[in-house]
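Below is one structure, written out as structure tokens; the observations come after it.
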Amino acid sequence: EADIYQTPRYLVIGTGKKITLECSQTMGHDKMYWYQQDPGMELHLIHYSYGVNSTEKGDLSSESTVSRIRTEHFPLTLESARPSHTSQYLCASRKDRGYGYTFGSGTRLTVV
Amino acid sequence: AQTVTQSQPEMSVQEAETVTLSCTYDTSESNYYLFWYKQPPSRQMILVIRQEAYKQQNATENRFSVNFQKAAKSFSLKISDSQLGDTAMYFCAFMTPNTDKLIFGTGTRLQVFP
């Protein structure tokens with residue numbers, strides 16, 4: 054059973070809308086990450102956080118923003134959705150260095 | 052730059068047979084971690100197996116084992132007695148203590164046939 058939860062699972066939204074993708078984990082992990090997975094299934098790190106009030110941009114430039122006000126919560130926001138934002142977004146957290154990440158089930162976003 | 056290469060976009064195997072997925076990586080670091088992740092269709096990505104670079108012994112997890120060749124920078128995954136539930140995308144991934152970020156390969160789509 055997953056200890057990291059993403060909602061919604063699927064989202065279809067019109068261009069220009071503001072959206073927030075939710076990610077919560079119950080494991081008490083400090084490190085959290087957002088990956089964008091393109092239709093070819095490649096994974097690109099777009100944001101990460103090392104703890105409360107810590108956020109960093111990842112390797113792939115993204116128009117999204119993130120916040121980390123609580124340890125367990127790491128939401129991702131798109132102020133104005135565009136068709137180019139259509140993708141799957143995966144949230145992950147990490148226990149200790151070297152243990153890899155635990156992933157959520159993902160949010161599949163379609164912007165029309 | 053650190054990179055992970057999976058040269059097999061797609062593989063197929065018959066149920067109960069053995070299949071090996073290839074992965075190579077490039078790094079100048081001596082201490083790092085390697086992982087194989089499985090992503091079934093429309094389902095959560097899960098960790099299959101992990102290997103610490105300073106350990107010479109190859110990791111095994113039930114039907115899954117790796118062949119870790121540090122000098123060749125190779126990290127292949129062997130799945131024995133393949134099952135229909137093994138059908139998924141498999142990603143090889145790499146992390147160093149310095150970067151603290153997982154770098155993924157492009158994935159191999161594995162189809163297990165009855």
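Taken in sequence, the protein lines are chains A and B.
Take the first sequence: its letters are residues 54 to 165, numbered as in our numbering.
Take the second sequence: its letters are residues 52 to 165, numbered as in our numbering.
Glycine is no exception: its CB is placed at the ideal position from the N, C-alpha and C atoms.
Remember, it's a predicted structure, so these values are computed and weren't measured experimentally.
By the 10 Å Cβ neighbour count, where 16 or more other Cβ atoms means buried, how is residue i classified, buried or exposed?
{"i": "Ser93(B)", "result": "exposed"}
{"i": "Pro52(B)", "result": "Reading the sequence as shown, one finds Ala at residue 52(B) and not Pro. The residue in question, Ala52(B), is exposed, as its Cβ has fewer than 16 Cβ neighbours within 10 Å."}
{"i": "Ile100(B)", "result": "buried"}
{"i": "Thr159(B)", "result": "buried"}
{"i": "Tyr76(B)", "result": "buried"}
{"i": "Ser117(A)", "result": "buried"}
{"i": "Val65(A)", "result": "exposed"}
{"i": "Gly147(A)", "result": "Checking the sequence, you will find Arg at residue 147(A) rather than Gly. Burial call: buried."}
{"i": "Arg62(A)", "result": "exposed"}
{"i": "Tyr105(B)", "result": "exposed"}
Mind listing the chain B neighbours of residue i? Cutoff is C-beta to C-beta under 8 Å, in chain order.
{"i": "Tyr101(A)", "result": "Lys152"}
{"i": "Glu95(A)", "result": "Phe155, Thr157 and Gly158"}
{"i": "Ser158(A)", "result": "Arg94 and Gln95"}
Verify whether the separation of the beta carbon atoms of residue i and residue j is less than 8 Å.
{"i": "Leu7(A)", "j": "His97(A)", "result": "With chain A covering only 54 through 165, there is no way to say anything about residue 7(A)."}
{"i": "Gln95(B)", "j": "Phe127(A)", "result": "no"}
{"i": "Trp87(A)", "j": "Tyr142(A)", "result": "yes"}
{"i": "Leu98(B)", "j": "Tyr88(B)", "result": "yes"}
{"i": "Val105(A)", "j": "Pro136(A)", "result": "no"}
{"i": "Thr157(B)", "j": "Glu80(B)", "result": "no"}
Am I right that residue i and residue j are in contact with their C-beta atoms under 8 Å? What's the rounded C-beta distance?
{"i": "Asp56(A)", "j": "Met80(A)", "result": "5 Å"}
{"i": "Phe155(B)", "j": "Phe142(B)", "result": "5 Å"}
Show which residues of chain A have a CB atom less than 9 Å away from the CB atom of residue i.
{"i": "Phe142(B)", "result": "Met94 and Leu96"}
{"i": "Phe86(B)", "result": "Gly153 and Tyr154"}
Please list the partners that residue i has in chain B, where partner means a Cβ-to-Cβ separation under 7 Å.
{"i": "Arg150(A)", "result": "Pro148 and Asp151"}
{"i": "Leu143(A)", "result": "Met96"}
So residue i contacts chain A; which residues on that side make the cut at Cβ distance below 8 Å?
{"i": "Glu103(B)", "result": "Gly151"}
> Where in the segment 77-126 of chain B do unbroken runs of the alpha helix (DSSP H), each at least 4 residues long, occur, reported from the N-terminal end onward?
Replying inline: Counting only runs of 4 or more residues that sit fully inside the segment 77-126 of chain B, no alpha helix (DSSP H) segment turns up.
Report task. Any chance you could list the beta strand (DSSP E) runs of at least 3 consecutive residues sitting entirely within the segment 107-138 of chain A, in chain order? Result -> The segment 107-138 of chain A is shown to contain whole beta strand (DSSP E) runs of 3 or more residues at 107-110 and 129-131, in chain order.
Alpha helix (DSSP H) runs wholly inside the segment 64-88 of chain A, at least 4 long, in chain order: For secondary structure counted as the alpha helix (DSSP H) over 4 or more consecutive residues, the segment 64-88 of chain A holds no complete run.
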